[in-house]
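For the sequence shown, the numbering used here begins at 512 and goes up steadily by one. Here a beta-carbon is modelled for each residue, glycine too, at the ideal position from N, C-alpha and C. Just so you know, these numbers come straight off a predicted model, no measurement behind them.
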Amino acid sequence: MAAPIPIAIQAKVENMEEGVHLVIPRWGVEERLRIEMKHKYSIYESLELILNTLGLQQRHMRIEIFPHIPRAMGLGG
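Set out below in structure tokens:
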């Protein structure tokens, strides 16, 4: 079964001078991603996997995410 859903998450990526910064203003998240480190939360592991897959692990960037869903709710919720 498939159904159209509205865009639940939007993101903006900008170049930075150093590091990878993840910002989710609505949820109060502002963290610098430390590549190849053990991460406490799975979102950072997922982000690192995506950056590695796209060959962007050495790029410096700010990733700002604008979710239109509550923090604890999955897309299927």
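Would residue i pass as a contact of residue j if the rule is Cβ separation under 9 Å?
i: F577; j: P517; result: no
Measure from the alpha carbon of residue i to the alpha carbon of each residue in the options, then state which is nearest.
i: E528; options: I580, R582, R570, P515; result: R570
i: N526; options: V534, R545, R573; result: R573
i: L567; options: H579, S553, L544; result: L544
Does residue i pass the burial test, meaning 16 or more other C-beta atoms within 10 Å, or should it be called exposed?
i: R582; result: exposed
i: L560; result: exposed
i: L558; result: buried
Helix or strand or just coil, what does DSSP make of residue i?
i: R573; result: strand
i: E547; result: coil
i: I518; result: coil
i: E525; result: strand
i: L533; result: strand
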